[in-house]
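Here the structure comes first, spelled out in structure tokens, and everything after it is commentary.
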Amino acid sequence: MQRNHKAWVVAVDMGYGHQRAAYPMHQIAEGSEVIAANKYEGIPKKDKDLWDRAENFYNFISRLKGRGFLGDLAFSIFDLFQRIRDFYPKRYQILPTIQLWQIQRQIKSGWGKHLIEKLSQKPLPLLATFFNIAHMADYWGYPGPIYCLTTDSDISRAWAPYNPQKSRVVYLASTARAAARLEQYGVKRENIRLTGFPLPKELVGENDEGARLALSRRLPKLDPFGNYLNNYGALIKEHLLMGDYPEGADRGVPSVMFAVGGASAQTGLAFRVLEGMAPLVKQGKAQLVLSVGVSKVSRDRMKKKMEELNLNEPDCHILFAETKPLYFRAFNNALSTTDILWTKPSELSFYSALGLPILIAPPVGAQEIQNRKWLHFLEAAYDQLPPEDAYEWLPDILEAGTLARCAMNGYINIPRSGAWNVEKIVLGK
8 MQRNHKAWVV AVDMGYGHQR AAYPMHQIAE GSEVIAANKY EGIPKKDKDL WDRAENFYNF
68 ISRLKGRGFL GDLAFSIFDL FQRIRDFYPK RYQILPTIQL WQIQRQIKSG WGKHLIEKLS
128 QKPLPLLATF FNIAHMADYW GYPGPIYCLT TDSDISRAWA PYNPQKSRVV YLASTARAAA
188 RLEQYGVKRE NIRLTGFPLP KELVGENDEG ARLALSRRLP KLDPFGNYLN NYGALIKEHL
248 LMGDYPEGAD RGVPSVMFAV GGASAQTGLA FRVLEGMAPL VKQGKAQLVL SVGVSKVSRD
308 RMKKKMEELN LNEPDCHILF AETKPLYFRA FNNALSTTDI LWTKPSELSF YSALGLPILI
368 APPVGAQEIQ NRKWLHFLEA AYDQLPPEDA YEWLPDILEA GTLARCAMNG YINIPRSGAW
428 NVEKIVLGK
């Protein structure tokens, strides 16, 4: 296998999921930059308009969910086109779906040709974190190796090629279920590698040391009465190399981060979280971080709501950045001191591997429903209760050691080596 030092890392600047998956790979990216397939320099107007229409429609339809019967109905109809069928009974699902047929038709009309021709001038390995990009590279004959990283625990038929038996795309599967799905969709077994999801290397650390130390610090806060320790002390000792919580360990003031999604469809939910957490923050029993990404509108609305509730920095903090690379860096830095991650089950579901217990907000879309099922299967997350009542139920589940159990289950059961595995395969190491 030919060894390379760099690769084209290509994502889409739509929401956060596909770019978050690409961010840990920026070190192997040519020029240390992730290319946005929908916003790169020189993109033809026709291509950009097509991407923009897709993004605007998705943001619009996502915001309809939860806004009455008609809003939920409209989103449900849209979600049918990206549904993920039941895994059992096992059966091949090779025929393209309507969604994939539409994508293929747009590619045949020229979508993505300019991008692939531009990258072909230097045919490095191409790593895509969005299936459309891999389909474009495959169709337009990209001369270098093509890799596609799955970004959810389970995937729809649209991820696999239109004609999977003839495709040379190599898939890097985030989970064993995603790998099995690809086989059901007709992808050749030799074109599937199980890598895991790429987590930020700075949070994992060499030999898992960063994640282990962070969980060792976090666990006493998640188990303030030692109920989890009393029942699972041997497990803690085996995986964290400590037989008891350190003497004088800080067992209070857990830090909760609430992540607002890229489509800003959860602003209303964020207000309810603020209302529910306000009593705990004011009493010095919790800290809250509101992660709004690059949305100035969300930032300003959160600031106004904080003022109404008389919440102040640093105990209630808004995480905002001007650009997505800066945001991902700030987000990862904030996660190093976060104890509980409150989020819809997006690609952030994989971050439970870091020993971060997840409070699950309502899922948006078929893939997030599957991620929620996956987290439940692993017992690595807990469904949110009414957010406005968080000041009552959050202390209760902390006292019971429930979130400590979720943290340990995620840490033990979900691999953290995805970034290294992907790098090894893509660069041919």
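In the working numbering, the protein residues as written are 8 to 436. The beta carbon of each residue, even a glycine, is placed where N, CA and C say it ideally should be. Predicted model, so just to flag it, every value in this text is computed and none were measured.
Pick from the options that is closest to residue i, judged by C-alpha positions
i: Q377; options: I91, V17, M21, A43; result: I91
i: I432; options: N198, L229, I162; result: N198
i: W208; options: Q34, P171, K55, D251; result: Note that residue 208 corresponds to Lys in the displayed sequence, not to Trp. Of the candidates Q34, P171, K55, D251, the one whose C-alpha sits nearest the C-alpha of K208 is Q34.
i: P352; options: V267, L297, Y398, M309; result: V267
i: V263; options: G372, F94, H324, R27; result: H324
i: A18; options: L122, H246, E375, I347; result: L122
i: K289; options: K303, G300, E320; result: E320
i: Y149; options: K120, V280, F138, K244; result: K120
i: Q100; options: A368, Q391, P168; result: P168
i: V176; options: L247, Y95, F138; result: F138
i: E314; options: L348, L342, F278; result: F278
i: N214; options: A186, K125, H246; result: H246
i: S39; options: A387, V16, R308, Q89; result: V16
i: D145; options: P370, I50, E124, R164; result: E124
i: G300; options: G291, Q111, L281, E329; result: E329
i: G372; options: Q89, G291, P393; result: Q89
i: I110; options: L102, M143, D93; result: M143
i: R196; options: I347, G203, Q172; result: Q172
Limits of the unbroken alpha helix (DSSP H) element including residue i
i: R164; result: Here R164 belongs to no alpha helix (DSSP H), and DSSP marks it neither H nor E.
i: V260; result: Counting along the chain, V260 falls outside any alpha helix (DSSP H), and DSSP gives it neither H nor E.
i: I1; result: Absent from the structure is residue 1, since the part of the chain shown begins at 8 and ends at 436.
i: L333; result: 331–342
i: K303; result: 303–315
i: Y418; result: 409–420
i: V211; result: 208–211
i: E124; result: 120–127
i: I101; result: No alpha helix (DSSP H) contains I101, which DSSP labels as neither H nor E.
i: K244; result: 234–247
i: Q26; result: 24–29
i: N428; result: 425–433
Beta-carbon proximity check, residue i vs residue j, cutoff 7 Å
i: F265; j: L226; result: no
i: A14; j: L134; result: yes
i: G417; j: Y235; result: no
i: Y398; j: P286; result: yes
i: E395; j: G283; result: yes
i: P364; j: L401; result: no
i: P205; j: A426; result: yes
i: N11; j: G435; result: yes
i: N218; j: L361; result: Correcting the residue identity first, residue 218 is Ala in this sequence and not Asn. Their beta carbons are under 7 Å apart, which means A218 touches L361 by this criterion.
i: A186; j: L210; result: no
i: A293; j: P261; result: yes
i: S174; j: T157; result: no
i: E62; j: M32; result: no
i: Y30; j: F335; result: yes
i: R306; j: F327; result: yes
i: D161; j: R184; result: yes
i: A414; j: L189; result: no
i: L179; j: Y154; result: yes
i: W349; j: L366; result: yes
i: P370; j: R379; result: yes
i: K312; j: L281; result: yes
Where residue i falls, given that 16 or more other Cβ within 10 Å makes a residue buried
i: E430; result: buried
i: P152; result: buried
i: W118; result: buried
i: I105; result: exposed
i: K331; result: buried
i: S356; result: buried
i: Q374; result: buried
i: V304; result: exposed
i: S359; result: buried
i: N45; result: buried
i: L318; result: buried
i: P132; result: buried
i: T344; result: exposed
i: A241; result: exposed
i: D93; result: exposed
i: P103; result: buried
Start-to-end residues for the beta strand (DSSP E) that takes in residue i
i: A388; result: 388–390
i: H324; result: 323–327
i: V371; result: Counting along the chain, V371 falls outside any beta strand (DSSP E), and DSSP gives it neither H nor E.
i: L295; result: 294–300
i: W147; result: Where W147 is concerned, there is no enclosing beta strand (DSSP E), given that its DSSP letter is neither H nor E.
i: L201; result: 199–201
DSSP beta-bridge partners of residue i
i: C155; result: A135, Y178
i: W349; result: F265, L366
i: I91; result: Note: I91 sits in no beta bridge, so no partner.
i: R60; result: For R60, which the question treats as bridged, DSSP gives no partner whatsoever.
i: I42; result: V17
i: A36; result: A14
Any chain D beta carbon closer than 7 Å to residue i
i: S160; result: Chain labels in this structure do not include chain D; a single protein chain is all it has.
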